[in-house]
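Line order of the protein sequences matches chains C and S.
Under the UniProt record's numbering, residue 200 is the last one in the first sequence; the count climbs by one each step, no gaps.
Under the UniProt record's numbering, residue 200 is the last one in the second sequence; the count climbs by one each step, no gaps.
These notes concern the structure reproduced below.
There are 2 protein chains.
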Amino acid sequence: MYIETLEQIRKMIKEDGLVAGDKLPSERELSERLKVGRSSVREALRALEFLGLIETRRGEGTYIKEVGNHRLIDLLGMFILQDERAKEDLAETKWLIERLCLQLACQRWTEQEFAHLEKMIRQKTIDYELFCKWVTAAAQNYLLERIWRVLHDFFQTIHGIVSFPDDFYEQMLKAFAKRDVAAVIKLWEAATQNPLSKER
Amino acid sequence: MYIETLEQIRKMIKEDGLVAGDKLPSERELSERLKVGRSSVREALRALEFLGLIETRRGEGTYIKEVGNHRLIDLLGMFILQDERAKEDLAETKWLIERLCLQLACQRWTEQEFAHLEKMIRQKTIDYELFCKWVTAAAQNYLLERIWRVLHDFFQTIHGIVSFPDDFYEQMLKAFAKRDVAAVIKLWEAATQNPLSKER
DNA sequence: TTCCTTCACTGGTCTGACCACCTAATGTTT
DNA sequence: AAACATTAGGTGGTCAGACCAGTGAAGGAA
């Protein structure tokens, strides 16, 4: 039932042309318009909140969001990441996805994106997370970007923060400039602890 | 508040030593034990259901699960996979993950797993999905296996079923036997439409 | 104008009530 | 005694109504 409610809310959003930042009708009004109880509306909205698609503010209302899976991530992590093996899988998967995105980004970066990376490196505002964000964005695949984001959030809550030596970024920039995939990968594998080397 | 309830339910599961398949106390009993309203308990349980961690059966009760994100997947897909671009990203990501798993599987398959693959090919019971399932399992990374499963489910609802020529599996088996990663990838790229070839 | 009170509205929670459904104990028939 | 049918209690699903605790804007007081 709340699945159906969910579908109707989706329709309503589409028909009314609501976009990120807009306010949804109140729970009571939705309940009335959709001819279902307020509890059913609430369950549907809670679902959307989980997916990071809406944000509810007590006393104000419900607003459409566009990004952010944090809540979902925290909860999943709380229940799933309990054994050691899962953590190893996480580290390995994250590393593999990052290498994958590096290859794609090396082939696909645009002039604008390259300039942005160069600027960050010149101004020394770059760090591990910013670099990876740039890479996954430059890979031009939004789905991969989301997947990395999730893996990264998980990883950070478990392991904390990673960093690279300063000259790593300089060299990376040169390799990117030439779109030299082999050089990029070589630099990456040298700077990171390849989780694949571990015996399983 | 329901976050807190969630945490308490998690504790309860842990303390009572409940495992997959076990039955949770009823909503009314949880409501009483945790000193919160039944609606709050329901919201917490709904959250767990989303995460694929429990299963509720009307008239029976609530049971602990261990796998399966189906509901979450369906919902996310309903809201996110609306535009053409997202579908392309999906196809590309799925292809990349499969190639990644092929490489890992080629290095990591066990004797037992190899025998299983050989048997399926000899008996001609193999198909695209079974092959990919085998590959992602042989890659020995449960997280990647889950991610592939998700991508595959999405993909299938959009595009339908894929298949390979019969001799593909025979040749793949030979390459796997020699743990020849290059040959495996070559076969794979020849048999599939490389989504990377498309201009973005 | 500026400040403050007030009030309508919102999400958050609780309660009690049905409904549809399942299971298992109970009773009935053969 | 065995097979079947009935019933009663428990469970999740849904709803309506109530109250609480915040928010923000309208309206009044300084």
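Heads up, the beta-carbon is just placed ideally off N, CA and C, and yes, glycines get one too.
Proximity winner among the options, relative to residue i (alpha-carbon distances)
i      : options                        : result
E49/S  : Q107/C, E43/C, A115/C          : E43/C
H116/S : Q107/S, Q103/S, L104/S, L130/S : L130/S
A182/C : L53/C, L34/C, Q103/C           : Q103/C
E118/C : K65/C, D22/C, A175/C           : A175/C
D89/C  : A139/S, R58/S, I54/S, K65/S    : A139/S
P165/S : I64/S, D127/S, E27/S, E60/S    : D127/S
G21/S  : L51/S, T56/S, V41/S            : T56/S
T192/S : L173/S, A177/S, F168/S         : F168/S
I64/C  : R58/C, T93/C, V19/C            : V19/C
S163/C : E145/C, R146/C, W188/C, A177/C : W188/C
A105/C : V135/C, S26/C, N194/C          : V135/C
L34/S  : Q8/S, L53/S, A47/S             : Q8/S
T62/C  : V150/C, N194/C, I13/C, M172/C  : I13/C
L96/S  : I147/C, R46/C, D16/C, T110/C   : I147/C
L144/C : L45/C, C101/C, G59/C, S31/C    : C101/C
R108/C : C132/C, R99/C, L173/C, A137/C  : A137/C
F30/C  : A86/C, L6/C, E98/C             : At residue 30/C the sequence reads Leu, which differs from the Phe that was named. If we check each option's Cα against that of L30/C, L6/C comes out closest.
T93/C  : F154/C, T125/C, K133/C         : F154/C
N194/S : Q112/S, I158/S, R10/S, E98/S   : E98/S
Q123/C : R10/C, E170/C, R38/C           : E170/C
E111/S : S40/S, D16/S, K178/S           : K178/S
K23/S  : S40/S, I54/S, A47/S            : I54/S
A87/C  : N141/S, E113/S, G52/S, R38/S   : The sequence given here places Lys at residue 87/C; Ala does not occur at that position. Answer by Cα proximity: N141/S.
Min CB distance residue i to chain C below 8 Å
i      : result
F155/S : no
L96/S  : yes
Any chain S beta carbon closer than 8 Å to residue i
i      : result
G68/C  : With a pLDDT of 47 at G68/C, under the threshold of 50, the modelled position of that residue is not reliable, and no figure is offered here.
D89/C  : yes
K119/C : no
C106/C : no
Cross-chain neighbours of residue i in chain C, by beta carbon under 7 Å
i      : result
R149/S : Per Cβ cutoff of 7 Å: no residues; R149/S is ~13 Å from chain C at best.
T93/S  : N141, L143, L144
Proximal residues of chain C, C-beta to C-beta of residue i below 8 Å
i      : result
A86/S  : Y142, L143
L100/S : L96, L100
Within chain C, the residues that residue i reaches when beta carbons sit closer than 9 Å
i     : result
L34/S : Result: empty, since nearest Cβ-Cβ is about 17 Å, beyond 9 Å.
S39/S : S39, R42
Opposing strand residues paired with residue i [DSSP bridges]
i     : result
L24/C : T62/C
Point to revise | Runs of beta strand (DSSP E) wholly within the stretch 39-63 of chain S (minimum 3 residues, chain order) | key: The stretch 39-63 of chain S contains these whole beta strand (DSSP E) runs: 54-57.
Check your understanding: Which ranges does the alpha helix (DSSP H) cover as unbroken runs of at least 4 residues, wholly within the stretch 119-187 of chain C, from first to last along the chain?
Key -> You should have 128-138, 142-159, 166-177.
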